[in-house]
Amino acid sequence: MCIVRPTLALRSALPLFSVLLVSGCSQLPRAADTQEDEATPAAASSAFDLEIQAPDTVRPLLERHLELQRFRALPDLHGDELQRLVDAAPADARELLGTLGFFSPTVRIDWQAATAVPPRPDALVIEVDPGPPTRVTRADVQFASPDGALFAAADLPRPLRRVQRDWGLAVGETFTQAAWDDAKHKGLRALQARRYPTARIEYSRAEIDADANGAALAVTYAPGPAYRFGPLRIEGSEHYNPEALRHLALLPTGEDYDEAELLDAQQRLVASGYYDAVFLRLDTEGGDPQAVPVVAQVREAPRQKLVFGVGASTDSGPRLSLDHTHNQMPPLGWRALSKLSLDRKTQLIGTHWIDLPNQDGWRWTGAAQWQRQETGALDVNSASLTAGRTQAGRDIDRTTYLQYDASRAQGEGAPADATALSLNYGWTGRYFNSDIAPTRGWGLAAELGAGMTLHPQRDPFWRALLRWQSFVPAGQVQADNGRTRSARLALRAELGAALARENADIPLNLLFLTGGDTTVRGYAYRSIGARTDSNQLYGGRYLAVGSVEWQRPIVHQGAFTDWESAVFIDAGAVSDHPETLTPRVGVGAGLRWRSPVGPLQADLAYGMHDRQLRLHLRMGFSF
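Note that the numbering used here gives residue 495 to position 488 of the sequence shown, counting from 1, and the numbers run on in steps of one.
What follows is the structure in C-alpha cells.
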C-alpha cells in the first residue's frame, strides 16, 4: 500500500499510480484497430503534433504512457475532445511521474492552434520539470508471529534478521514504485527460499510527504512456521527401485528447508538418467513442519536409449559419436553407458557400468576402454580396465578403484609396449555458487595411485594429480540504472607427477601432456610434453599448469548483457625431470556468453613459444 499525504502540490491528483495501470493497459492495440490502421490511409496522419520536453530520466515514460499519445492517430479528433485531453494532461503527467518518485513536478503546456497556410495540425509542447526525487526517510521491516504479535528485535531468528539487514530500499535511497515493489518481494523470496516456504506479506504501507520529498516505508511479513526436510516420496516410478534412487537425490532429511537444496536434489535425480522429468515440491498441507514430506513427481526414462552426435572443437576438429544407455543391463541390473567417438586426433570405444547407491551413497562401478590417440609424431594405442566403488555427495565425490593399463606406441623412436596395475583413490570437492556457470567459489581435486608395471619388466610407481580452480571478486561494474555486477579473477592450477625409477616403462596413457582449449591456450591440443633425443613429443612424468583470467561483465546501451569479456595468461610445462620444466606461455582475450545451458567461451590466444595465434572454442563448465 502507498499513501500520499494531501499537500498543495497534490490536491488535484487522482489516487497514486492508478492511471499508470489504466493507461498502460490502454496502450495495447486491439486487433480491430490495427486492421483499420492498415486499411485506411488517413490513419497514418496525426491529429496534432506532440513534443515532450523533459529530462532523460522521465521523458521515455511520458512518451510511452501519456494519454495524449494514443489519440494522435485520430485525424478526425473533435476540438472539444482535444481540449479535454489538454486539460487532463498535467494531472496525467504528475501521476506517471509519481511512479518514479517525483511528487512535486511542474508541468506547462504550449498549444499552438492549427493553421491552413501553411497547412499544419495543432502543435502541443509539454514542458516538464520533475522536481527533486523522493527519498526514503524511514524503513520499518517487521515480522508477525503465528499468533499475530510482532517479533521483538532481540527474538528475531537469524533468517529474519538477514532480511532486515539486506532490505533493498534503505534510508536515503530514491523511492520509486518499482523499487518499493522489488524490495518487498525480494524480502519475501528470501524468506520463502530458506526455512519459511509459506511466508507472505501481512501488511505494507508507503507514506509520501510530497512537500518534504520523503517516503516512510513499513512492511510486515508473516513468515509462518520454520520447516525442516522430511522423507522423500517418489511418485510415478514403475521399473526402477525408488528406495535406491532416493539415495541419488541426497535430500538433507532433518535439516532446515532450503530451496537451493531442493532444486539440487531435483537436478541430481534428472542427471541420474533414470527419469526424463522430475518435479519436487513440499507437501505442506497438514504435515509436521519439522519433518515436512517432499514429493518427487517423476516420468521414467526408457530403459534403453541410442544417441548419434555430430560436433566439432578447435582442439580435435569435427567429431562423430554414438552413445548407448541401458538403465537395467542384465544380469546385474546396473546402468551401462557405452560410447563410440571419432575425431581427427582420437578414436575411442568404451563402456561404463555403475550400480545404484546403497544407504551410504557408495556404488559399485566398472569400466573398459580402448583408445587410439595422436600424440605428436606417435600414434598411441591404449586400453584400460577399471573396477571399484564411488560415492557422490552434495559437495564431495570419492572413488577407489583398481585399474589395469596397457599402451602401445607406433612411430619413429616409439617407446616399448607397457602394462601396469594400480590401486587408486580420487577425491573431488566442489564449492561453487553454480554447477553450470559459477562466478564465486572454488574446487579441489586430487588423485593418488600406487602401482606396479607388469611388462616389459616389473617396477613400482606412484602417480599423483592435483587440480584447483577458484573464482575471486575483482572489482565492480555499474550500469546506467545503478545496478552492479562483480568482475572476477578465474584462477586455475594443475600439478602432476609419476614417480618411478628412471628406466621404468610406465604406460603412456598414465603420463602427462597439456595444451589446448581447457589447459594452455595458444597451443595445439596436447602439444606440450616431454621430448625424445630426436625431438619427438611424448608424455612426461611431471606436469605444471597455471592460469589467471580476468572476467568482466559487458554493459551495452546502459544495461547489462549476457556477455562478458576476458583477458588471460596461461602457462604450462611437461618434462621427465622437475628441474627441466620449461613453461610455455599463452596470452589472449575472449568473450563469454552466459547461455541457458552454460557459458559459451571464445578465445583468441597467442602462443609465445610457437609464435602462433589460435582460436579456442568451448561450451559449458566442468570441474
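A virtual CB, placed ideally from N, CA and C, is assigned to each residue, including glycine.
Should residue i and residue j be called a contact, given that it needs their Cβ atoms to be closer than 9 Å?
{"i": "Tyr505", "j": "Pro463", "result": "Checking the sequence shown, residue 505 turns out to be Ala, not Tyr. Result no, Cβ atoms of Ala505 and Pro463 do not sit closer than 9 Å."}
{"i": "Ile361", "j": "Leu344", "result": "yes"}
{"i": "Thr260", "j": "Pro232", "result": "no"}
{"i": "Arg548", "j": "Phe519", "result": "yes"}
{"i": "Ala444", "j": "Arg601", "result": "yes"}
{"i": "Leu75", "j": "Leu103", "result": "no"}
{"i": "Leu239", "j": "Leu258", "result": "yes"}
{"i": "Leu347", "j": "Ser323", "result": "no"}
{"i": "Gly433", "j": "Phe439", "result": "no"}
{"i": "Arg79", "j": "Ala96", "result": "no"}
{"i": "Ala573", "j": "Ala486", "result": "no"}
{"i": "Gln552", "j": "Leu502", "result": "Looking at the sequence provided, one finds Val at residue 552 rather than Gln. In this structure, Leu502 lies closer than 9 Å to Val552 by Cβ."}
{"i": "Phe628", "j": "Gly605", "result": "yes"}
{"i": "Ala580", "j": "Leu620", "result": "no"}
{"i": "Leu313", "j": "Asp295", "result": "no"}
{"i": "Glu242", "j": "Gln335", "result": "no"}
{"i": "Asp540", "j": "Gly420", "result": "yes"}
{"i": "Asp524", "j": "Asp617", "result": "no"}
May I have the straight-line CA-CA distance separating residue i from residue j, to the nearest angstrom?
{"i": "Asp290", "j": "Thr353", "result": "50 Å"}
{"i": "Met459", "j": "Val527", "result": "31 Å"}
{"i": "Glu556", "j": "Val484", "result": "17 Å"}
{"i": "Ala612", "j": "Tyr545", "result": "24 Å"}
{"i": "Arg396", "j": "Ala267", "result": "28 Å"}
{"i": "Lys59", "j": "Gly86", "result": "Per the sequence shown, the amino acid found at residue 59 is Ile instead of Lys. Their backbone Cα atoms lie some 21 Å apart in a straight line."}
{"i": "Val594", "j": "Pro603", "result": "28 Å"}
{"i": "Leu28", "j": "Asp83", "result": "Model confidence at Leu28 stands at a pLDDT of 32, short of 50, so the residue's coordinates are unreliable; what they give is reported in the following sentence. About 27 Å."}
{"i": "Leu473", "j": "Gly105", "result": "59 Å"}
{"i": "Leu198", "j": "Val170", "result": "7 Å"}
{"i": "Ala151", "j": "Leu287", "result": "29 Å"}
{"i": "Pro1", "j": "Phe567", "result": "Nothing about residue 1 can be reported from this structure: the residues present for the chain run from 8 to 630 only."}
{"i": "Ala390", "j": "Leu167", "result": "57 Å"}
{"i": "Met615", "j": "Asn388", "result": "31 Å"}
{"i": "Arg405", "j": "Gly373", "result": "15 Å"}
{"i": "Tyr162", "j": "Asp154", "result": "Residue identity check: residue 162 is Asp in the sequence provided, not Tyr. Cα-Cα distance, rounded: 15 Å."}
{"i": "Val285", "j": "Pro337", "result": "26 Å"}
{"i": "Arg310", "j": "Val277", "result": "15 Å"}
{"i": "Ala219", "j": "Ser111", "result": "10 Å"}
{"i": "Thr113", "j": "Pro137", "result": "6 Å"}
Should residue i go down as buried or exposed, given a rule of 16 or more other Cβ atoms within 10 Å for buried?
{"i": "Asp577", "result": "buried"}
{"i": "Tyr282", "result": "buried"}
{"i": "Tyr530", "result": "buried"}
{"i": "Gly597", "result": "buried"}
{"i": "Asp94", "result": "exposed"}
{"i": "Ala256", "result": "buried"}
{"i": "Asn516", "result": "buried"}
{"i": "Asp189", "result": "exposed"}
{"i": "Ala118", "result": "Just to set this straight, residue 118 is Trp in the shown sequence, not Ala. Label assigned to Trp118: exposed."}
{"i": "Ser582", "result": "buried"}
{"i": "Asn542", "result": "exposed"}
{"i": "Thr589", "result": "exposed"}
{"i": "Thr521", "result": "buried"}
{"i": "Ala146", "result": "buried"}
With a threshold of 7 Å on Cβ separation, who are the neighbours of residue i within its own chain once the five nearest residues in sequence on each side are excluded?
{"i": "Ile208", "result": "Lys191, Leu195, Val226, Tyr228"}
{"i": "Ala298", "result": "Arg235, Gly237"}
{"i": "Gly436", "result": "Asp402, Ile403, Gly450, Leu451"}
{"i": "Pro364", "result": "Ala251, His254, Leu255, Arg370"}
{"i": "Gly221", "result": "Thr141, Arg142, Thr144"}
{"i": "Asp569", "result": "Trp600, Arg601"}
Leaving out five residues before and five after residue i in sequence, what residues of the same chain have Cβ atoms less than 6 Å from its Cβ?
{"i": "Ala471", "result": "Leu455, Ala504"}
{"i": "Gln608", "result": "Arg599, Arg625"}
{"i": "Ala186", "result": "Leu176"}
{"i": "Glu381", "result": "Lys352"}
{"i": "Arg202", "result": "Pro166, Ala233, Asp263, Tyr264"}
{"i": "Gly316", "result": "Ser328"}
{"i": "Leu349", "result": "Leu327"}
{"i": "Val592", "result": "Ala578, Met615"}
Apart from the five residues just before and just after residue i, which ones in its own chain have a Cβ nearer than 8 Å to its Cβ?
{"i": "Gly482", "result": "Ser493, Ala494, Arg559"}
{"i": "Ile116", "result": "Val93, Ala96, Pro97, Leu131, Val132, Ile133, Glu134"}
{"i": "Gln149", "result": "Leu157, Phe158, Ala225, Val226, Thr227, Tyr228"}
{"i": "Leu409", "result": "Thr393, Ala394, Gly395, Leu428, Ser429, Leu430, Asn431"}
{"i": "Gly368", "result": "His254, Leu257, Gln398, Ala399, Gly400"}
{"i": "Leu81", "result": "Ala54"}
Give a yes or no on contact between the region 450 to 469 and the region 506 to 520, applying the rule of three or more CB pairs nearer than 8 Å.
yes
Between the region 169 to 184 and the region 134 to 152, do three or more beta carbon pairs fall short of 8 Å?
Because the criterion of three Cβ pairs below 8 Å is met, the region 169 to 184 and the region 134 to 152 touch.
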